[in-house]
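Shown next, in structure tokens, is the structure this report addresses.
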Amino acid sequence: MINYTDLNQVIENYGHDPFERIEEFILREVIPKYDCLTTVHRSNQDECGFPAIEFYIRYNYKLSFDEWVILRDNVANDIRIFCKDNGLVDAFDECCLFVTISGDVVG
1 MINYTDLNQV IENYGHDPFE RIEEFILREV IPKYDCLTTV HRSNQDECGF PAIEFYIRYN
61 YKLSFDEWVI LRDNVANDIR IFCKDNGLVD AFDECCLFVT ISGDVVG
């Protein structure tokens, strides 16, 4: 089994950085699809500094908890479908996705 938190091993396995393709998809397809999404930030380590692939997708509207859950699930599903259609399912399974509010809240 490949350790996807070792980016060099991931690139060797895929021949490219699959997480870069996921990030590009989020920027070009997911963020424009939802009017409240603003940015994506990719981190190659978790909050403790350990290797991990994490995507932080920010939104700028005040959402109820139920609205946020629907948004998070829809975003994750869009990314999951992209990964499935592009042979990146293993990469998707190894990354963390956070849909979080930005500092500039509207409404």
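Counting in this note's numbering, the sequence shown runs from 1 upward without gaps. Here a beta-carbon is modelled for each residue, glycine too, at the ideal position from N, C-alpha and C.
query	result
Same chain only: Cβ atoms within 8 Å of ASN8, ignoring 5 sequence neighbours per side	none
Buried or exposed (CB count within 10 angstroms, at least 16 for buried), LEU27	exposed
Rounded straight-line distance, which links the Cα of ARG72 to that of VAL89	18 Å
Run of the beta strand (DSSP E) containing GLU29, from where it starts to where it stops	Here GLU29 belongs to no beta strand (DSSP E), and DSSP marks it neither H nor E.
Beta carbon of PHE19 nearer than 8 Å to that of CYS95	yes
Nearest to THR38 (by Cα), restricted to the options GLU29, ILE57, ILE22, PRO51	ILE57
Straight-line gap, ASN100 to TYR59 (C-alpha atoms, nearest Å)	In the sequence on display, residue 100 carries Thr and not Asn. Their backbone Cα atoms lie some 6 Å apart in a straight line.
For ASN13, the nearest candidate out of LYS33, LEU97, ALA91, ARG42 (CA to CA)	ALA91
Burial state of PHE55, where buried means 16 or more other Cβ atoms lie within 10 Å	buried
Sub-8 Å separation of ILE70 and ILE22 beta-carbons	no
Residue(s) in a DSSP beta bridge with LEU37	TYR59
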